[in-house]
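Student: Numbering-wise (full-length UniProt numbering), the sequence shown opens with residue 1 and increments by one.
Note that CB positions come from ideal geometry on N, CA and C, so glycine has one too.
From a predicted model like this one, the values you see are computed outputs, not experimental measurements.
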Amino acid sequence: MELSEMLYNKSEYIETASGNKVSRQSVLCGSQNIVLNGKTIVMNDCIIRGDLANVRVGRHCVVKSRSVIRPPFKKFSKGVAFFPLHIGDHVFIEEDCVVNAAQIGSYVHIGKNCVIGRRCVLKDCCKILDNTVLPPETVVPPFTVFSGCPGMLPLNLLLISAFICKNIDVHVLLPGLFSGELPECTQELMIDVTKSYYQKFLPLTQV
1 MELSEMLYNK SEYIETASGN KVSRQSVLCG SQNIVLNGKT IVMNDCIIRG DLANVRVGRH
61 CVVKSRSVIR PPFKKFSKGV AFFPLHIGDH VFIEEDCVVN AAQIGSYVHI GKNCVIGRRC
121 VLKDCCKILD NTVLPPETVV PPFTVFSGCP GMLPLNLLLI SAFICKNIDV HVLLPGLFSG
181 ELPECTQELM IDVTKSYYQK FLPLTQV
């Protein structure tokens with residue numbers, strides 16, 4: 001399905017030399033520690049916490065409204081330490097998400113209203129469905145789909161997943177929230193989606 005044009009008021013966005021479009025209604029704390037590599041869109045009411053640690057976002061990424069990007073932390077006996085957060089290229093983060101991951105690979109789609117727990121690692125070409133809560137330190141393998149909340153994945157889905165994965169124990173799947181696989185063309189699909197979104201995200205004066 002082809003995307004329709006999404007129009008925005010040019011005065012409400014800052015466009016950088018590398019083509020990033022950042023809403024003036026977003027909050028970029030510690031902007032000197034935030035790197036957007038080009039043609040990335042950050043929409044209204046987003047918060048990026050560069051004041052805690054470095055945040056690096058790749059090219060052709062989309063961070064939709066009211067999402068929070070926050071570097072991960074780890075508790076030590078003497079206090080708390082924050083670690084850099086790296087997001088790859090062609091990553092699409094939908095509305096109302098809280099991302100506290102250690103790393104997000106490229107060609108990743110995170111659905112609406114998701115919570116990505118601290119120090120999670122999302123590998124390339126994975127998908128997180130709407131309303132998913134990933135527990136801390138979850139690793140999402142490439143070409144997988146994760147969904148649901150910890151401990152709330154339906155038993156029938158677990159049994160089906162265990163059957164598909166043959167030798168994988170059902171109990172291994174419980175905290176992982178695995179719910180499916182993605183096609184080999186996921187990389188191409190995500191490149192197409194993110195580039196199309198950027199091309200259709202136009203200032204009112206340009207239409």
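#1: Go ahead and pull the three-state DSSP assignment for Tyr13.
#2: Rounding to the nearest angstrom, what Cα-Cα distance links Lys10 and Gly30 in this structure?
#3: Who pairs with Leu122 in a beta bridge, going by DSSP?
#4: For Leu202 and Ser4, what's the separation of their Cα atoms in angstroms?
#5: For Ile34, which residues from the same chain have a beta carbon less than 7 Å from its beta carbon, with the 5 sequence-adjacent residues on both sides left out?
#6: DSSP on Leu204, reduced to helix/strand/coil?
#7: Between which residues of its own chain and Leu155 is the CB-CB distance below 7 Å, once the five residues before and five after are set aside?
#8: How big is the Cα-Cα spacing for Cys114 and Pro141?
#9: Whole angstroms are fine: how far does the CA of Gly88 sit from the CA of Arg59?
#10: Hey, how far is the Cα of Phe163 from the Cα of Gly105?
#11: Sorted by chain position, which residues of the same chain lie with C-beta nearer than 7 Å to Arg24's C-beta, five sequence neighbours on each side aside?
Tutor: Put simply:
#1: strand
#2: 24 Å
#3: Ile104, Val140
#4: 11 Å
#5: Leu28, Ile48, Gly50, Val55
#6: helix
#7: Note that Leu155 has pLDDT 48, beneath the 50 cutoff, so the model's placement of it is unreliable and the number below is only indicative. Closer than 7 Å at the Cβ level, and outside the excluded window around Leu155, lies no residue.
#8: 18 Å
#9: 7 Å
#10: With a pLDDT of 49 at Phe163, under the threshold of 50, the modelled position of that residue is not reliable, and no figure is offered here.
#11: Glu12, Tyr13, Ile14
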